[in-house]
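Q:
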Amino acid sequence: MSKKVVLSGARPTGALHIGNYLGAIKNWVKLQDEYDCFFFIADWHALTTDYEDTGSYKENISEVVMDLYAAGLEPDKCNIFLQSSLKEHAELHLLFSMITPLSWLERCPTYKDQLNQMDEKNIRTYGFLGYPCLQSADILIYKADYVPVGEDQLPHVEMTREIARRFNFLFGKVFPEPEPLLTEAKVLPGLDGRKMSKSYNNTIALKDRGDVLRKKVMSMITDPARIRKDDPGHPDVCAVFAYHKFFNKEEKEQIESDCKAGLIGCVGCKKNLYEKLAEVLKPIHERRDEIEANPDMVREIIARGNASAQVVISKTMADVRKAMKIDWE
Ligand code: TRP
Ligand code: SF4
Numbered sequence: 003m004s005k006k007v008v009l010s011g012a013r014p015t016g017a018l019h020i021g022n023y024l025g026a027i028k029n030w031v032k033l034q035d036e037y038d039c040f041f042f043i044a045d046w047h048a049l050t051t052d053y054e055d056t057g058s059y060k061e062n063i064s065e066v067v068m069d070l071y072a073a074g075l076e077p078d079k080c081n082i083f084l085q086s087s088l089k090e091h092a093e094l095h096l097l098f099s100m101i102t103p104l105s106w107l108e109r110c111p112t113y114k115d116q117l118n119q120m121d122e123k124n125i126r127t128y129g130f131l132g133y134p135c136l137q138s139a140d141i142l143i144y145k146a147d148y149v150p151v152g153e154d155q156l157p158h159v160e161m162t163r164e165i166a167r168r169f170n171f172l173f174g175k176v177f178p179e180p181e182p183l184l185t186e187a188k189v190l191p192g193l194d195g196r197k198m199s200k201s202y203n204n205t206i207a208l209k210d211r212g213d214v215l216r217k218k219v220m221s222m223i224t225d226p227a228r229i230r231k232d233d234p235g236h237p238d239v240c241a242v243f244a245y246h247k248f249f250n251k252e253e254k255e256q257i258e259s260d261c262k263a264g265l266i267g268c269v270g271c272k273k274n275l276y277e278k279l280a281e282v283l284k285p286i287h288e289r290r291d292e293i294e295a296n297p298d299m300v301r302e303i304i305a306r307g308n309a310s311a312q313v314v315i316s317k318t319m320a321d322v323r324k325a326m327k328i329d330w331e
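Letter 221 of the sequence shown, counting from 1, is numbered 223 in our numbering, and no numbers are missing.
#1: Could you check whether F173 and S138 sit closer than 8 Å to each other, using their CB atoms as the reference points?
#2: For L275 and K218, I'd like the C-alpha separation in whole angstroms.
#3: Any heavy atom of ligand 1 closer than 7 Å to the Cβ of Q155?
#4: Quick check on DSSP: helix, strand or coil for V8?
#5: What is the rounded straight-line gap between the Cα of F177 and the Cα of D213?
#6: Which value, in whole angstroms, describes the spacing of the CA atoms of Y37 and V66?
#7: Please go through the same chain and pick out, in chain order, the residues whose beta-carbon is closer than 6 Å to the beta-carbon of L136, but skip the five residues on each side of it.
#8: Relative to ligand 2, is the shortest distance from any of its heavy atoms to the C-beta of P237 smaller than 7 Å?
#9: With three or more beta-carbon pairs closer than 8 Å as the criterion, would you say the stretch 225–242 touches the stretch 256–271?
#10: Between I304 and A72, how many whole angstroms is the CB-CB distance? I'm expecting something under 8 Å.
#11: Taking C-beta to C-beta, are L131 and Y144 nearer than 8 Å?
#12: Specify, as a first and last residue, the run of the beta strand (DSSP E) that L184 falls within.
#13: My output table needs one value for D38: the three-state DSSP class, helix, strand or coil.
#14: For my contact list, L70 and F41 are in at a C-beta cut-off of 8 Å; report their separation, rounded to the angstrom.
#15: Please determine whether the Cβ atom of C271 lies at a distance below 7 Å from any heavy atom of ligand 2.
#16: For T50, count neighbouring Cβ atoms within 10 angstroms of its own Cβ and tell me buried if that reaches 16, exposed if not.
#17: Report the residue from I101, L190, P180, V300 whose alpha carbon sits nearest the alpha carbon of A26.
#18: For T205, which residues of its own chain have a beta-carbon under 8 Å away from its beta-carbon, when the five flanking residues on both sides are left out?
#19: Whose C-alpha, out of E90, K123, H158, is nearest the C-alpha of R109?
#20: How is the beta strand (DSSP E) around I82 delimited, first residue to last?
#21: Could you tell me the alpha carbon to alpha carbon distance between E186 and V7, rounded to whole angstroms?
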């Protein structure tokens, strides 16, 4: 029996942060053993909001591939590829754009939210409106069964199912209706206690280590009510404690009660966290060293993933053109 197909994409945002790792990539690493996995860098998607500044794209793509490898994705077990290398994604997007009602796109919650939020960028474009249509093409072109995503992406997977139904209704059954695999959003705060995000400049990158990592951890905000070492603390409002809960399961109870009793100081508590983080990230950093030492590896990984993806999508597009009777010759 053939394995079920899993597909997911990541925008080329540059170096991934540990929030990206825990919220998505760690799960991808698990999935690669069980499913036929397609993981891609969604560089065309990045253009929907960042079309004015493409200077860093190549570098960012390379950073993401290095991080995916470092995190534990194995090119022998899964396909890692680049969206813009596979032109059929654009062909299927175009065909879907012909059958997708405008109202579906205009009603999409991510569309409405982002239009309201990003008033400094001009995203009143055709491409940005059609974003979920492109995402549907990315997913359906692999006839994916499962799409691991965070909650924010659920409306896009739902629209993918609707587009699949509409296509099948109009032209005969070509596509399955993929299901989301919801990855629980692990709430690891950023260094300042807000949501971890590149735009807030409060991230810990997956590749951070040594002094860089230590300085970031030492700069984290703690319980603001704690001034002296023996003031009783409130671990539930402390970003450092949120990390201990996650990375230091053996000591978290002790830290919680010692903090509340004013028995430990924040400096020591952060040093302890740094040690734990360094230990957990060590295998990832070793793989990062390996790929950084082999300058051709990023290219090889993408070329290999692109080639396997191409085989699958050539077949799907032959089915699509036939079903639509646009298979001239
Ligand atoms: N839209 C996704 C994001 O912003 C990235 C993405 C593009 C994607 N195509 C996809 C995710 C297909 C899952 C499946 O994170
Ligand atoms: Fe946070 Fe640790 Fe300080 Fe308590 S002792 S406030 S948990 S850093």
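Heads up, the beta-carbon is just placed ideally off N, CA and C, and yes, glycines get one too. The structure presented is a predicted model; accordingly, all values stated were derived computationally and were not measured.
A: So, to answer that:
#1: Within the sequence shown, residue 138 is the residue found at index 136, counting from 1. Within the sequence shown, residue 173 is the residue found at index 171, counting from 1. Not in contact: S138 and F173 (Cβ atoms no closer than 8 Å).
#2: Reading the sequence shown from its first residue, position 273 is the one you call residue 275. Reading the sequence shown from its first residue, position 216 is the one you call residue 218. Near 11 Å, if we compare the C-alpha coordinates of K218 and L275.
#3: Your numbering for residue 155 matches position 153 in the sequence shown. True, at least one ligand heavy atom lies under 7 Å from that Cβ.
#4: Locating residue 8 in the sequence shown gives position 6, counting from the first residue. Here V8 sits in strand by DSSP.
#5: Locating residue 177 in the sequence shown gives position 175, counting from the first residue. Locating residue 213 in the sequence shown gives position 211, counting from the first residue. Near 50 Å, if we compare the C-alpha coordinates of D213 and F177.
#6: As a position in the sequence shown, residue 37 is number 35, starting the count at 1. As a position in the sequence shown, residue 66 is number 64, starting the count at 1. If I take the Cα positions, the gap works out to 22 Å.
#7: To locate residue 136, count along the sequence shown from 1; it is residue 134. Hits under 6 Å: H95.
#8: Here the question's residue 237 lines up with position 235 in the sequence shown. Yes, the Cβ of P237 comes within 7 Å of a heavy atom of ligand 2.
#9: yes
#10: Taking the first residue of the sequence shown as position 1, residue 304 is located at position 302. Taking the first residue of the sequence shown as position 1, residue 72 is located at position 70. Not confirmed; about 15 Å, so no contact.
#11: Here residue 131 refers to the residue found at position 129 of the sequence shown. Here residue 144 refers to the residue found at position 142 of the sequence shown. No, these two residues do not count as a Cβ contact at 8 Å.
#12: As a working mapping, residue 184 is identified with position 182 in the sequence shown. First-last of the beta strand (DSSP E) with L184: 181–184.
#13: Here residue 38 refers to the residue found at position 36 of the sequence shown. Reduced to three states, the DSSP call for D38 is strand.
#14: One-based indexing of the sequence shown puts residue 70 at position 68. One-based indexing of the sequence shown puts residue 41 at position 39. About 7 Å; that satisfies the 8 Å criterion.
#15: Residue mapping note: residue 271 aligns to position 269 of the sequence shown, counting from 1. Yes, ligand 2 has a heavy atom inside 7 Å of this Cβ.
#16: For this step, residue 50 is matched to residue 48 along the sequence shown. T50 comes out buried.
#17: As a working mapping, residue 26 is identified with position 24 in the sequence shown. Comparing Cα positions, the closest option is L190.
#18: Taking the sequence shown and counting its residues from 1, the one referred to as residue 205 is at position 203. The residues are H19, I20, G21, G192, L193, M198, S199.
#19: Numbered from its first residue, the sequence shown carries residue 109 at position 107. Of E90, K123, H158, the residue nearest in Cα terms is H158.
#20: Within the sequence shown, numbered from 1, the residue matching residue 82 stands at position 80. Counting along the chain, the beta strand (DSSP E) containing I82 begins and ends at 81–84.
#21: Within the sequence shown, residue 186 is the residue found at index 184, counting from 1. Within the sequence shown, residue 7 is the residue found at index 5, counting from 1. Whole-angstrom Cα-Cα distance: 20 Å.
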